[in-house]
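Q:
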Amino acid sequence: MFNKNKVFVINIVSAVLVVFALISPGIASADSATQAVAQGYSSTSPLQPGIIVSLASNNSGSVAPLNINNIKAMLGVVVSYNQASITLGNQNANNQVFVTNYGQHDVLVSNQNGPITTGDYITISNISGVGMKADGNEPIVLGQAAGSFDGVNNIEGTASIKNSNGKSVNVNLGLIPVDISIANNPLAAGPQGLPTVLNNVSKFATNKSVSAVRVYVALFVAVIGLIMALTIIYSAIKNGIVAMGRNPLARRSIIGGMVRVIAVGVIVFAISLGASYAILL
């Protein structure tokens with residue numbers, strides 16, 4: 025009876041290992057490729073590195089500074105030609121700019137929504153192409169600040185915007201490094217944001233913003249692993265009890281076999297958690 029259980033357990037563990045091997049290298053390679061690539065686009069006006077852009081409405085091969093009213097069209101950040109290991113485009117072409125949507129790059133930000141500190145989520149401000157600290161009112165974030173900007177030091181320029189009362193106020197602009205990973209705003213309420221529990225768990229595990237798709241895939245893998253582990257443990261306990269009822273003299277060896285199979289169930293669950301963590305990364 026236990027020989028059959030061992031064969032079943034070995035098959036289950038093998039299947040989990042195969043799934044993990046297929047999933048994690050693909051995710052890692054996809055992340056590496058995204059991080060290394062900057063796509064070339066045309067632009068009707070010069071765009072300095074650090075400007076947040078979207079595709080131009082009338083030309084899919086052209087970009088323009090992102091407008092807050094078009095926040096869901098956020099494409100990425102303008103970077104210098106030599107800031108990415110792979111660039112797709114011709115650096116000598118007229119009005120050519122290079123845009124990336126992953127990795128750590130300098131981004132032009134303002135203090136419109138208050139001082140920015142490391143770890144704050146960055147989104148688009150009322151100034152086209154310029155970021156600010158996000159709160160729960162924006163559906164999309166560019167990524168998380170890897171530096172700070174207090175609006176007093178390291179000022180690159182100033183701009184005038186209208187506040188909620190319609191009065192013009194001046195804000196200061198600066199450049200800070202941002203870990204770019206465009207995603208739904210984890211601070212936002214409603215269907216576009218993750219449930220609070222899942223958001224907190226993913227942030228605690230990775231210390232960064234994780235897209236909803238990755239979180240749900242990781243959760244699915246963890247739940248499947250838990251179900252498989254519970255099935256293995258339940259089968260071991262049930263068969264062990266039946267075996268001891270039929271052969272009380274072999275109680276010691278039967279319990280030893282149960283413990284080993286239960287340990288395998290725990291290992292299966294641990295593997296699924298490892299796969300989930302790799303997906304989140």
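Oh and the sequence shown: position 130 is 154 in my numbering, straight run, nothing missing.
Cβ atoms here follow ideal geometry from the backbone N, Cα and C, with glycine treated the same way.
Sort out for me which residues DSSP pairs Lys-262 with in a bridge.
A: For the purposes of this step, residue 262 is taken as residue 238 along the sequence shown, with counting starting at 1. Its beta-bridge partners do not exist; DSSP assigns none.
Q: Nearest-angstrom Cα distance between Leu-211 and Gly-160?
A: As a first step, residue 211 is located in the sequence shown; it is residue number 187 there, counting from the start. As a first step, residue 160 is located in the sequence shown; it is residue number 136 there, counting from the start. Their backbone Cα atoms lie some 5 Å apart in a straight line.
Q: Tell me where the alpha helix (DSSP H) around Ser-296 begins and ends.
A: Within the sequence shown, the letter at position 272 stands for residue 296. That run of the alpha helix (DSSP H) goes 275-304.
Q: Based on Cα-Cα distance, which residue from Ile-295, Ala-170 and Gly-155 lies nearest to Val-245?
A: Stepping through the sequence shown from its first residue, residue 245 is reached at position 221. Per the Cα distances, Ile-295.
Q: Using only CA atoms, which one of Asn-83, His-129 and Met-98 lies nearest to Ser-104?
A: Residue mapping note: residue 104 aligns to position 80 of the sequence shown, counting from 1. Per the Cα distances, His-129.
Q: Rounded to a whole number of angstroms, what is the C-alpha to C-alpha distance between Lys-191 and Asn-223?
A: Stepping through the sequence shown from its first residue, residue 191 is reached at position 167. Stepping through the sequence shown from its first residue, residue 223 is reached at position 199. Going by the C-alpha atoms only, they are around 36 Å apart.
Q: Taking all protein chains shown into account, do 16 or more other C-beta atoms lie within 10 angstroms of the C-beta of Val-288, making it buried, or fewer, making it exposed?
A: Taking the sequence shown and counting its residues from 1, the one referred to as residue 288 is at position 264. That one is buried.
Q: With a threshold of 16 other CB atoms inside 10 Å of the CB of Gly-214, please say whether the residue is buried or exposed.
A: Sequence index remark: in the sequence shown, residue 214 carries index 190 (1-based). Because Gly-214 carries a pLDDT of 43, less than 50, the predicted location of this residue cannot be relied on, and the following value inherits that uncertainty. Classification for Gly-214: exposed.
Q: Can you tell me which of the three DSSP states Pro-163 falls into?
A: Numbered from 1 along the sequence shown, position 139 holds the residue referred to as residue 163. In this structure, Pro-163 counts as coil in the three-state DSSP scheme.
Q: Might you give, ordered along the chain, the residues of its own chain that have their beta carbon closer than 8 Å to the beta carbon of Val-193, omitting 5 neighbours on each side?
A: Residue 193 sits at position 169 when you count from the first residue of the sequence shown. Taken in chain order, the residues that qualify are Ser-184, Ile-185, Lys-186 and Asn-187.
Q: Within this structure, are the beta carbons of Val-195 and Gln-136 separated by less than 9 Å?
A: To locate residue 195, count along the sequence shown from 1; it is residue 171. To locate residue 136, count along the sequence shown from 1; it is residue 112. Against a cut-off of 9 Å, the Cβ pair of Gln-136 and Val-195 comes out as a contact.
Q: Of the choices Ala-158, Val-283, Asp-174 and Asn-106, whose alpha-carbon is the least far from that of Ile-256?
A: Position 232 of the sequence shown, counted from the first residue, corresponds to residue 256. Considering only alpha carbons, the answer is Val-283.
Q: In angstroms, rounded to a whole number, what distance separates the CA positions of Gly-153 and Ser-84?
A: Position 129 of the sequence shown holds residue 153. Position 60 of the sequence shown holds residue 84. Answer to the nearest angstrom: the Cα atoms are 18 Å apart.
Q: Flag this pair as yes or no: are the beta carbons of Ile-251 and Gly-264 separated by less than 9 Å?
A: As a position in the sequence shown, residue 251 is number 227, starting the count at 1. As a position in the sequence shown, residue 264 is number 240, starting the count at 1. For Ile-251 and Gly-264, no; Cβs fall outside 9 Å.
Q: Might you give, ordered along the chain, the residues of its own chain that have their beta carbon closer than 6 Å to the beta carbon of Ser-300, omitting 5 neighbours on each side?
A: Position 276 of the sequence shown holds residue 300. Excluding residues within five positions, the ones whose Cβ falls inside 6 Å are Ala-242, Val-245 and Ala-246.
Q: Give the straight-line distance between the Cα atoms of Val-221 and Leu-199, rounded to the nearest whole angstrom.
A: Sequence index remark: in the sequence shown, residue 221 carries index 197 (1-based). Sequence index remark: in the sequence shown, residue 199 carries index 175 (1-based). Their backbone Cα atoms lie some 33 Å apart in a straight line.
Q: Grouping DSSP H, G and I as helix and E and B as strand, with all else coil, what is Ile-200?
A: Along the sequence shown, one-based indexing puts residue 200 at 176. Ile-200 falls in the strand class under three-state DSSP.
Q: Roughly how many angstroms lie between the CA atoms of Ala-88 and Val-77, to the nearest whole one?
A: Counting from one through the sequence shown, the residue named residue 88 turns up at place 64. Counting from one through the sequence shown, the residue named residue 77 turns up at place 53. Approximately 5 Å, taken between the alpha carbons.
Q: Buried or exposed for Tyr-258, going by 16 or more other Cβ atoms inside 10 Å?
A: Walking along the sequence shown from the start, residue 258 turns up at place 234. Classification for Tyr-258: exposed.
Q: Using DSSP's beta-bridge definition, name the partner residues of Gln-168.
A: Reading the sequence shown from its first residue, position 144 is the one you call residue 168. Paired residues: Tyr-145 and Asp-203.
Q: Does the Cβ-Cβ distance between Gln-63 and Val-123 come in under 9 Å?
A: Taking the sequence shown and counting its residues from 1, one reaches residue 63 at position 39. Taking the sequence shown and counting its residues from 1, one reaches residue 123 at position 99. Cβ atoms of Gln-63 and Val-123: closer than 9 Å.
Q: Within a Cβ cutoff of 7 Å, which residues of the same chain sit near Arg-238, ignoring the five residues on either side of it in sequence?
A: The residue given as residue 238 occupies position 214 in the sequence shown. Result list for Arg-238: Ile-303 and Leu-304, in chain order.
Q: What are the boundary residues of the beta strand (DSSP E) that Val-234 is part of?
A: Your numbering for residue 234 matches position 210 in the sequence shown. Counting along the chain, Val-234 falls outside any beta strand (DSSP E), and DSSP gives it neither H nor E.
Q: Restricting to Cα atoms, I'd like to know which of Val-290, Asn-178, Asn-106 and Ala-274 is closest to Ile-140.
A: In the sequence shown, counting from the first residue as 1, residue 140 sits at position 116. Ranking the options by Cα distance to Ile-140, first place goes to Asn-178.
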